[in-house]
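Structure, as structure tokens:
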Amino acid sequence: MTSSQLSVFSRQCCVLLLAIVSVSSAETQSTKPPPGMVWIPGGEFWMGSDEPEFPDARPWHRVYVDGFWMDKTEVTNAQFEKFVKATGYITVAEKAPTKEEFPTAPPENLVAGSVVFTPPDHRVPLDDHLQWWSYVKGANWRHPTGPGSDLKGKEENPVVHIAYEDALAYCKWAGKRLPTEAEFERAARGGLDRKSYVWGDEFRPGGKWMANTFQGHFPDKNTGEDGFVATAPVGSFPSNGYGLFDMAGNVWEWCSDWYRPDYYQTLADHGGVARNPQGPSDSFDPSEPGTKKRVHKGGSFLCTDQYCKRYEPGGRGKGEPDTGTNHLGFRCVMTQTTWENHQEKK
Ligand SMILES: [Ca+2]
């Protein structure tokens, strides 16, 4: 090879290399990530569970999602406060329900508040969640367990008492959106295939706590062996394979899908690979017919295999859009196109 041939050859290699880098970049991510977010690669995966306790998560079915950016952590109190300061936003839990919304309710009950975990001091049957959940007047994101509580020292804990529309409002302000249930599960699995936990097969590998869940006796005695009896500062436990924190435990997280227990079966019956599923077009929960619900994912600091081990990535939760609790928060996602448009505007 002459020196000029070598030069042409080098140039061609260079062009080829650039082309590969360019294609790779377009298919995966831009070089600069959005602050606080990580890239979740698109692809196919097994979604669901064969866990007997999760009838609504059966059967396993194939799903494809496009790649996307996801917040590394749940939205924190500090982040939510920044949003509220910028916009003057008032959450659902901070507003008193109106006579128009609840015409038959006595006026004394039309008081702003939210649902708080209030454990009994004795063992109770596990078939009535009202034994450990109470509507507490004055409970909201600034006062997680009621008027006597505040956020001092909890700046990095996940924000709670967030209704669905509150989560949407935050994501919109941040130029983001909520994940679909399929995106959440794709991200939670961290590249692992049909594992029980977002980190693998063992709940406590080498004796290590991998997520903020519930230890002791549910619901009356929380021993907090993992270090936390309520929410933990985000990132207190190891990240998963994609660099995401608290995709299991800590707080439940809102997804954009409506909830139906038969949705996975519907997708499986349809056959093939479900591409970017957005959830069913309507909601139905046999335990509360007539009440529309959205999907929650990830489980919380109250999850335990004694009652509900839905910190497993296939596990599904659900809740009324206007109802927040002190173990429910959210995180946002963003498409590559949104991120590119955002950068161009700058
Ligand atoms: Ca805990």
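When we follow the working numbering, the leftmost residue of the sequence shown carries the number 56, and every step to the right adds one. Glycine included, each C-beta is placed from N, C-alpha and C at the ideal position.
Contact the region 202 to 218 vs the region 257 to 276: 3+ CB pairs below 8 Å: no
Any contact between the region 88 to 103 and the region 112 to 119? By contact I mean 3 or more CB pairs, one from each, below 8 Å. yes
Only counting the same chain, and skipping five residues up and downstream in sequence, which positions put a Cβ closer than 7 Å to that of Asp176? Position 121 of the sequence shown holds residue 176. Contacts found: Asp275.
Give me the DSSP bridge partner(s) of Ser169. As a working note, residue 169 is residue 114 in the sequence shown. DSSP, once it has assigned bridges, lists Val191 as partnering Ser169.
Nonlocal neighbours in the same chain, by C-beta distance under 7 Å from Leu223, ignoring five residues either side: By 1-based counting over the sequence shown, the position of residue 223 is 168. Taken in chain order, the residues that qualify are Leu233.
Please list the terminal residues of the continuous beta strand (DSSP E) segment that includes Trp309. Translated into positions along the sequence shown, residue 309 becomes position 254. That run of the beta strand (DSSP E) goes Trp307 to Trp313.
Would Phe269 pass as a contact of Leu357 if the rule is Cβ separation under 7 Å? One-based indexing of the sequence shown puts residue 269 at position 214. One-based indexing of the sequence shown puts residue 357 at position 302. Result yes, Cβ atoms of Phe269 and Leu357 sit closer than 7 Å.
Is Asp281 near ligand 1 - that is, is its Cβ less than 6 Å away from at least one heavy atom of it? Translated into positions along the sequence shown, residue 281 becomes position 226. Yes, since a heavy atom of ligand 1 falls inside the 6 Å radius drawn around the Cβ of Asp281.
Unbroken alpha helix (DSSP H) run spanning Asp221, endpoints: What you label residue 221 is simply residue 166 of the sequence shown in a count that begins at 1. Looking at the DSSP string, the run of the alpha helix (DSSP H) that includes Asp221 is Tyr219 to Trp228.
Helix, strand or coil for His177, going by three-state DSSP, please let me know. Locating residue 177 in the sequence shown gives position 122, counting from the first residue. In this structure, His177 counts as coil in the three-state DSSP scheme.
Please check the pair Arg349 and Trp394, which I expect to be a contact at CB under 8 Å, by giving their CB distance rounded to whole angstroms. As a first step, residue 349 is located in the sequence shown; it is residue number 294 there, counting from the start. As a first step, residue 394 is located in the sequence shown; it is residue number 339 there, counting from the start. In fact, because the Cβ distance is near 25 Å, the residues do not count as touching under 8 Å.
If you draw a straight line from the alpha carbon of Phe292 to that of Asp301, how long is it in whole angstroms? Here residue 292 refers to the residue found at position 237 of the sequence shown. Here residue 301 refers to the residue found at position 246 of the sequence shown. Phe292 and Asp301: Cα-Cα distance of roughly 7 Å.
Can you grab the Cα-Cα spacing for the pair Ser169 / Glu375, in whole Å? As a working note, residue 169 is residue 114 in the sequence shown. As a working note, residue 375 is residue 320 in the sequence shown. Ser169 and Glu375: Cα-Cα distance of roughly 13 Å.
Beta-bridge pairing of Glu99 - partner residues as DSSP gives them: By one-based count along the sequence shown, residue 99 stands at place 44. DSSP output for Glu99 lists Tyr119 as bridge partner(s).
According to DSSP, simplified to helix, strand and coil, what is Tyr319? On the sequence shown, position 264 is the one that residue 319 refers to. Here Tyr319 sits in helix by DSSP.
DSSP three-state call for Trp124: helix, strand or coil? Your numbering for residue 124 matches position 69 in the sequence shown. Looking at Trp124 - three-state DSSP - the assignment turns out to be strand.
Tell me the start and end of each unbroken alpha helix (DSSP H) in the region 124 to 158 that is at least 4 residues and wholly inside, in chain order. 132 to 142
Local Cβ density within 10 Å of Arg330, reported as buried at 16 or more and exposed below that: On the sequence shown, residue 330 is found 275 positions in, with the first residue counted as 1. Classification for Arg330: exposed.
Touch test, the region 386 to 400 against the region 123 to 140, Cβ-Cβ under 8 Å, three pairs minimum: yes
In three-state terms, what does DSSP make of Ser58? Taking the sequence shown and counting its residues from 1, the one referred to as residue 58 is at position 3. With a pLDDT of only 44 at Ser58, under 50, the local geometry of the prediction cannot be trusted, and the value read off the model is given with reservation. Correct three-state label for Ser58: helix.
Hey, out of Phe109, Val93, Gly91 and Pro96, whose CA is closest to Tyr362's CA? For this step, residue 362 is matched to residue 307 along the sequence shown. Checked all of Phe109, Val93, Gly91 and Pro96; the closest Cα to Tyr362 is Phe109.
First and last residue of the uninterrupted alpha helix (DSSP H) at Arg244: Working through the sequence shown from its first residue, we reach residue 244 at position 189. That run of the alpha helix (DSSP H) goes Glu236 to Arg244.
Whole-angstrom C-beta distance between Gly245 and Gly296, which should lie under 8 Å: For this step, residue 296 is matched to residue 241 along the sequence shown. For this step, residue 245 is matched to residue 190 along the sequence shown. Contact flag correct, Cβ pair sits at about 3 Å.
Find out if the Cβ-Cβ distance for the pair Glu191, Val171 is shorter than 7 Å. For the purposes of this step, residue 191 is identified with residue 136 of the sequence shown, where counting begins at 1. For the purposes of this step, residue 171 is identified with residue 116 of the sequence shown, where counting begins at 1. The amino acid occupying residue 191 in the given sequence is Val; Glu does not appear at that position. Contact flag set, yes.
Given 8 Å, three or more beta-carbon pairs between the region 321 to 339 and the region 234 to 243: yes
Beta-carbon contacts of Leu72 that lie in its chain and below 8 Å, excluding the five residues immediately before and after: Within the sequence shown, the letter at position 17 stands for residue 72. Confidence is the limiting factor: at Leu72 the pLDDT is only 44, short of 50, which leaves the residue's position unreliable, though a coordinate-based value still follows. No residues qualify anywhere along the chain.
Have a look at Lys250 and Met265 and give me their C-alpha separation to the nearest angstrom. Taking the first residue of the sequence shown as 1, we reach residue 250 at position 195. Taking the first residue of the sequence shown as 1, we reach residue 265 at position 210. Their backbone Cα atoms lie some 14 Å apart in a straight line.
Would DSSP call Ala329 helix, strand or coil? Counting from 1 along the sequence shown, the entry for residue 329 is found at position 274. It is a strand residue.
Hey, would you say Glu210 sits closer than 7 Å to Asn132, going by beta carbons? The residue you call residue 210 lines up with position 155 of the sequence shown. The residue you call residue 132 lines up with position 77 of the sequence shown. Their beta carbons are under 7 Å apart, which means Glu210 touches Asn132 by this criterion.
Going by the CB atoms, is the gap between Thr153 and Asn212 shorter than 7 Å? One-based indexing of the sequence shown puts residue 212 at position 157. One-based indexing of the sequence shown puts residue 153 at position 98. No, Cβ-Cβ distance for Asn212 and Thr153 is not below 7 Å.
Mapping DSSP to helix, strand and coil, what is Asn212? Numbered from its first residue, the sequence shown carries residue 212 at position 157. DSSP places Asn212 in coil when its eight states are reduced to three.
Residues that Tyr366 bridges to, as DSSP identifies them: Position 311 of the sequence shown, counting from 1, holds the residue named residue 366. For Tyr366, which the question treats as bridged, DSSP gives no partner whatsoever.
Give me, in chain order, the residues of the same chain whose beta-carbon lies closer than 6 Å to that of Met56; leave out the 5 immediate sequence neighbours on both sides. Position 1 of the sequence shown holds residue 56. Residue placement at Met56 cannot be trusted, given a pLDDT of 43 that sits under 50; what the coordinates show is reported in the next sentence. For Met56, where only same-chain residues beyond five positions count, there are no Cβ hits under 6 Å.
If we count the other Cβ atoms within 10 Å of its Cβ and call it buried at 16 or more, is Asp281 buried or exposed? Locating residue 281 in the sequence shown gives position 226, where the first residue counts as 1. Buried, because 16 or more other Cβ atoms sit within 10 Å of the Cβ of Asp281.
Using DSSP's beta-bridge definition, name the partner residues of Tyr252. Mapped onto the sequence shown, residue 252 falls at position 197. Tyr252 is bridged to Gly255.
Tell me the rounded alpha-carbon separation between Lys400 and Phe135. In the sequence shown, counting from the first residue as 1, residue 400 sits at position 345. In the sequence shown, counting from the first residue as 1, residue 135 sits at position 80. Each residue's Cα considered, the two are about 24 Å apart.
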